[in-house]
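Engineer: If you count the sequence shown from 1, position 33 lands on 34 in this note's numbering, and the numbers rise without skipping. Each residue gets a CB set at the ideal place from its N, CA and C atoms; glycine is no exception. None of the values given here were measured: they were computed from a predicted structure. I'd like to ask you about the structure that follows.
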Amino acid sequence: MCGVIGVAAHEPVNQILYDGLTMLQHRGQDAAGIVTLQMVDFTYVKKTVWYVTYL
């Protein structure tokens, strides 16, 4: 199983994404990841094969 969360905002969404992933963690505990897009030119990817707390 898996869970997906998405947020579109003009302010930082780090905590919103982290909290959302933590709430969905029980759906799939094999891995977690965050991808953020800032402007058009910059993409940030962070992933782990463990729990959300390892991000």
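#1: Tell me the DSSP bridge mates of Y45?
#2: Taking G4 as the reference, give the member of L38, V14, Y19 and H11 with the closest Cα.
#3: Measure the C-alpha to C-alpha separation of Q16 and D42 and round it to an integer number of angstroms.
#4: Give every residue of the same chain whose Cβ lies closer than 6 Å to the Cβ of T49, excluding the five residues on either side of it in the sequence, and list them in chain order.
#5: On the criterion of 16 or more Cβ atoms from any shown chain inside 10 Å, does L38 qualify as buried, or is it exposed?
Structural biologist: Concretely, from the data shown:
#1: Y45 is bridged to T37.
#2: Among L38, V14, Y19 and H11, the Cα nearest to that of G4 belongs to Y19.
#3: Answer to the nearest angstrom: the Cα atoms are 22 Å apart.
#4: For T49, where only same-chain residues beyond five positions count, the Cβ hits under 6 Å are A33, Y55 and L56.
#5: With fewer than 16 neighbouring CB atoms inside 10 Å of its own CB, L38 falls in the exposed class.
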